[in-house]
Amino acid sequence: MSMSATMTPGAGSPGVGSKGSVLVIGAGVAGMHASLILADAGAHVYLVDSSPAVGGLWGFLDKTFPTDSCGVCHMSPRNPAYCPVIEVERHPRITLMARSRVTHVSGDVGDYRATVITSPEYVRRDLCDGCGECERVCPVTTHEPSYLGMRDHKAIYAPSHRSVPAGFVVNETTCTRCGRCIEGCPRGAIDLSRKEARTELHVAAIIVCVGATLCDPRVRPEYSYDPSKNVITGLEFERMVSASGPTSGRLVRPGDGRKPTRVAFIQCVGSRDRSKASPYCFSVCCMYAVKEAIIAKTLAPEARVKVFYTDLRAIGKGYEEYYARARSLGVEFENCRVSGIEEREGALKVCSEVGGAVRRQSFDLVVLSNGLIPSRDLEALGAALEVERDEFGFISAFRGRLQGVETSRPGIFVCGGASGPQDIPSAVARSGACALRALQVLGRNTGPVAVPARRVATATPGTSPLQVQAGRSAEDEPRIGVFLCRCPSSMGSLDPAGLAAALAEAIAAKDVDDVVIVKEIASICTPEGIADLVREVAANAANRVVVAACSPRNVLGSIEAELSMAGIPCGMIEVANVREQCGWVHADPLEATTKARDLVAMAVAAVRLARPLEQRSRAIPAGAVVIGGGPAGMEAAASLADLGHEVHLVEKQSTLGGRARLLARTLDGADVRDILANLEDRVRASGRITIHTLAHVASIRRNEGGFRLCIVRHHESAAGGASGIERDVSEGAKSPDGAAGALEIDCGVVILATGGVEAPVPARLGARDGVRVLTQQELEARLWPAVRVPGDVRSVVMIQCAGSRDEERPYCSQVCCAHAIKNAIRLKEERPGVEVYVLHHDIRVSGLFEAYYERARRMGVVFVRHPDGTWPKLALNGGGLQSSGGPGLAVEVFDEVLGEAMVLPADLVVFSTGVEGSADPKLAADLGVPVDRYGFLAEANPKVQPVDCLTPGVYVCGLARAPSLLADALVSAQAAAARAGLYLAAREARTVQNVSYVRARRCAACGVCVDVCAYGARSIDEEAGVAVVDEYLCRGCGACQAACPSGAASHAGFEAERIASALEASLG
10 MSMSATMTPG AGSPGVGSKG SVLVIGAGVA GMHASLILAD AGAHVYLVDS SPAVGGLWGF
70 LDKTFPTDSC GVCHMSPRNP AYCPVIEVER HPRITLMARS RVTHVSGDVG DYRATVITSP
130 EYVRRDLCDG CGECERVCPV TTHEPSYLGM RDHKAIYAPS HRSVPAGFVV NETTCTRCGR
190 CIEGCPRGAI DLSRKEARTE LHVAAIIVCV GATLCDPRVR PEYSYDPSKN VITGLEFERM
250 VSASGPTSGR LVRPGDGRKP TRVAFIQCVG SRDRSKASPY CFSVCCMYAV KEAIIAKTLA
310 PEARVKVFYT DLRAIGKGYE EYYARARSLG VEFENCRVSG IEEREGALKV CSEVGGAVRR
370 QSFDLVVLSN GLIPSRDLEA LGAALEVERD EFGFISAFRG RLQGVETSRP GIFVCGGASG
430 PQDIPSAVAR SGACALRALQ VLGRNTGPVA VPARRVATAT PGTSPLQVQA GRSAEDEPRI
490 GVFLCRCPSS MGSLDPAGLA AALAEAIAAK DVDDVVIVKE IASICTPEGI ADLVREVAAN
550 AANRVVVAAC SPRNVLGSIE AELSMAGIPC GMIEVANVRE QCGWVHADPL EATTKARDLV
610 AMAVAAVRLA RPLEQRSRAI PAGAVVIGGG PAGMEAAASL ADLGHEVHLV EKQSTLGGRA
670 RLLARTLDGA DVRDILANLE DRVRASGRIT IHTLAHVASI RRNEGGFRLC IVRHHESAAG
730 GASGIERDVS EGAKSPDGAA GALEIDCGVV ILATGGVEAP VPARLGARDG VRVLTQQELE
790 ARLWPAVRVP GDVRSVVMIQ CAGSRDEERP YCSQVCCAHA IKNAIRLKEE RPGVEVYVLH
850 HDIRVSGLFE AYYERARRMG VVFVRHPDGT WPKLALNGGG LQSSGGPGLA VEVFDEVLGE
910 AMVLPADLVV FSTGVEGSAD PKLAADLGVP VDRYGFLAEA NPKVQPVDCL TPGVYVCGLA
970 RAPSLLADAL VSAQAAAARA GLYLAAREAR TVQNVSYVRA RRCAACGVCV DVCAYGARSI
1030 DEEAGVAVVD EYLCRGCGAC QAACPSGAAS HAGFEAERIA SALEASLG
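Residues in the sequence shown are numbered from 10 upward in steps of one, following my numbering.
Next up, the structure:
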């Protein structure tokens, strides 16, 4: 028996029925990212996840590579932002459905009906206050799987201290139904007789983001996986070294608690092995092993840390540099396959073969890098959705033969681990592309989605929301209410009642008369707690509030809106974090309470000087400019146009397509020329896109709310029109460089898709002649549509990393290995007798592309690995090198496997050249976007904001930000279009509340604040002799205030006087 319901957004929701709703399946980082974009765009989102709490695997990570940032705090697509886990819970247009699964889907694109089954909610979240009495009385104890068996929990437990949705859950497998938890619950929140619920959802589109699951390391029994014997997985290592893990961040051997002095990491556990496990590459293992090796070396600098690997696939932006950092710290890397692990004489012997000899090396701790396989639920989900899956069990996501986000069923999209192994930036970009596609479906249903107006308390000059809403002035004498959260299960050693008594005693002793009430409130962030808080504020006519509770990230989001309605605006509330800073870090209750009393006293002193925080707004001009007409630029322009926005597409060449026109096929067989032709057809057929070929952006400057660009056309070639956002400067006007045909355009967003260029071949490798010594690009032109390679060519030698992974360009260009394998396969298909050699440091094709690497080897392509730091030598006409082929081309290379140099005869030598960025430094500087020394543009965060720039309204995609394959470039363009469309749909830009400002009398115009501002929000007004702030660029980070030598820089809510008052209070 089950409960049933039909759910559509309510009458007050942004969307009604199927016309404004999207189902997102999976609440990991990709699912949350897609949900937040959609919800911010005005769609109603049902976010379904089978786990009791959202966050997926990301929530278990301590740090992420290559930024080493906190695993949780950088999940969000917003900047700045609260934790995205909290954001999806509190967003008014996201309905979170935990412990739920989709069992059936019917209908068609724009009109889907989905059946969702939700597991019984034995603990009612609306009644549970997290007191923990149920867990205390439960007699059943079991191991917590993510804590190496070092920490136990009961059959009823809280998934984590920060789980969302909050509350306790029952493990149906271990629960004995004894009923003691029911008897122990003071609020009657537990009912073990509850049944599963069945819900029918009516939605327009579906996004699958269920993620992947970790491969069981026991598929390789020779590796002796057993945490009790100090052989653990990468995720278990991650939890151990996390501050919230079982050892509180200490590196120990789980078997005996001793600190290890020798740590080994073994790669490809369960991957790249068709005989025992998965034949594909897991994509993430290499880099998380590098990260964990760095952590191990940081926690135990004296320890020997070694990584055993086959190919070190540091492919993403910043990954190669991160790998180099690990080596500089002393992490050792050995290229080999580990055959097994033996336990001998109290040590773990790692057995490997190097140069034909078996080596046994001793370690104290071994970490197995097991990767990602399809989720256990994916087979049933694929059947319910009626979408195609590939041979490995992932949901197929192809547009033609090019991997994208579309499934075999229109209106259903897929991203993240559901479509194949991928790292976080790729999952985030693909989730953005899915959000774009869903918004396009919604647009066909209802017209362009418009972001609902945001209700924000505003004030006229000289007044504050406090005056407007409550008739009381912010200048009135302070009346401070102090409220203490009573949440026993989460406060650790802190005693709220003791804290209340200590505060009352301190206030009486100091004769403080502006604190009008000190009171405990049970679970202050719950609806009941908020109602009690608002009631007490009104009853005591308080005009300032101090809350002693947990993190402000949790509390403020819950209470600000309600307190604002009660007359307490933003800025007049202080939160003393007495949980994380007192109860959780001090075992002694007296010590915790004493420190909490001091923190509350500091908050009272600070709020006494508080002033309301305001947000200003200004309109965003309509329309967008996309700079660059390659595949990424065309995709971004077409996608934005599909969302209903006018777009100008600027391309400096006479034709669209960029350097992709030089390509014939992708590694997976997609016809590049067909892809480009389809993109160009979409662009030219759109009535919303104006194309400017043979044109360039001569200048760009920030305008009121947007940007003004000057486009110089070398002759009249623009097609179409874009009404309302274009105006000619004058007939025959001259541009700055003297060319005729200048045009000024005002727009709200700019997408940078400026592409990249082929890196030159380093002189150390020799010169190419375009005939016998050429590049992969030149070879490709001879292989399609028909092979035009001379018949006497019997040996082809390909040299990888020709212009990458060296001192001049210390990064992986990502495309080189794929191009080499593609061309090698083509050669062997058409000329099976040709010998093909690929000389490399590592072969870097990840994910499902591993199949093509395997295919090339089966076809007889010989891959020769040479050590890092060594390079092949090319000689013309023999050049003194002796080869079996006689005079001609020859290549000498040191074969790492054979341990000796070898000379290869070559009829053709092919350089796999790298990629350089081609960003215009001046335009980038005008937009406030940094350019690295390799010509690539900097995104806001390479991990979770791969298409956003720090300047609001500026986005980047394709090769402009980093080397990428064509499919990834197109996905990033779709993600950029989604972000840009969301920004335009808002119609207005808002300042942050704690915006920076200048105290002009103190300012010496020294420029220090300008230098430290990461957002370009500060400049010097030379005429006035003071620094000025662009409030709409300021993010309120406070760097200027910290750096200013004269105290002229400040920002709202963090004035020096306010901070000094709090510090003085801390001293008693």
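For every residue, glycine included, the Cβ atom is placed at its ideal position computed from N, Cα and C.
Look at lysine 300 here: in three-state DSSP terms it is helix. In the DSSP secondary-structure assignment, aspartate 320 is not bridged to any residue. Residue Lys326 holds the alpha-carbon nearest to the alpha-carbon of isoleucine 433 among Arg334, Val796, Lys326. Residues Leu493, Arg495, Pro505, Ala509 of the same chain have their beta carbon placed closer than 6 Å to that of glutamate 529, with the five preceding and five following residues left out of the count. Between the region 68-80 and the region 119-130, the count of Cβ pairs shorter than 8 Å is below three; the stretches do not touch. Beyond the five residues adjoining it in sequence on each side, arginine 418 comes within less than 7 Å, by CB distance, of Leu394, Glu395, Val396 in the same chain, given in chain order.
The Cβ atoms of valine 228 and alanine 273 do not sit closer than 9 Å to each other.
With 16 or more neighbouring CB atoms inside 10 Å of its own CB, leucine 244 falls in the buried class. Each of Met500, Arg553, Cys534, Gly254 was checked against the Cα of isoleucine 526, and the nearest Cα belongs to Arg553. Only exposed fits glycine 1016, as fewer than 16 other CB atoms lie within 10 angstroms of its CB. Positions of the alpha helix (DSSP H) runs, each at least 4 residues long and wholly inside the region 660-734, are given as 681-694 in order along the chain. The DSSP-derived three-state label of aspartate 651 is helix. In the DSSP annotation of this structure, the continuous segment of the beta strand (DSSP E) that includes cysteine 810 starts and ends at 804-811. As DSSP reads the structure, proline 383 sits in a beta bridge with Ala221. The bridge partners DSSP lists for phenylalanine 407 are Gln412. Across the structure, glycine 1077 and alanine 605 are spaced so that their CA atoms are roughly 13 Å apart. The three-state reading of DSSP puts lysine 285 in coil, since its state is none of H, G, I, E or B. Judged by their CB atoms, valine 555 and glycine 490 are nearer to each other than the 9 Å cut-off. The continuous beta strand (DSSP E) containing arginine 271 extends over residues 271-278. Counting of Cβ neighbours within 10 angstroms places proline 972 among the buried residues, the total reaching 16 or more. The beta-carbon distance between cysteine 966 and alanine 949, rounded to whole angstroms, is 13 Å. This is too long to meet the 8 Å contact definition. Runs of the alpha helix (DSSP H) lying entirely within the region 988-1055, each at least 4 residues long, are 1017-1021, 1048-1052 in chain order. Counting C-beta pairs closer than 8 Å gives fewer than three between the region 261-268 and the region 399-415, which falls short of the contact rule.
In this structure, Ile34 is the residue among Arg110, Ala557, Ile34 with its C-alpha nearest to the C-alpha of phenylalanine 422. The Cβ atoms of arginine 262 and leucine 374 lie closer than 9 Å to each other. Serine 30 places its beta carbon less than 9 Å from that of alanine 213. DSSP places isoleucine 1068 in the helix class (H, G or I) of the three-state scheme. Scanning Val125, Ile165, Ile126, Arg336 for the CA closest to the CA of glutamate 142 turns up Ile165. Under the three-state reduction of DSSP, cysteine 360 is assigned to strand.
With respect to the C-alpha of proline 939, the residue from Val963, Gly923, Leu917 having the closest C-alpha is Val963. Collapsing the DSSP output to three states places valine 564 in a helix. The beta carbon of arginine 627 is closer than 8 Å to those of Glu713, Gly714, Glu997, Ala998, Tyr1041 in its chain, skipping five residues each way along the sequence. Apart from sequence neighbours up to five positions away, the residues of its chain that approach leucine 56 with a beta-carbon distance below 8 Å are Val33, Ala36, Gly40, Met41, Ser44, Val63, Val97, Ile103, Thr104, Leu105, Met106, ordered along the chain. Per DSSP, reduced to three states, the secondary structure at histidine 100 is coil, with no helix or strand assignment. Within the DSSP secondary-structure output, serine 78 pairs in a beta bridge with Thr73.
With respect to the C-alpha of leucine 321, the residue from Leu761, Gly65, Arg853 having the closest C-alpha is Arg853.
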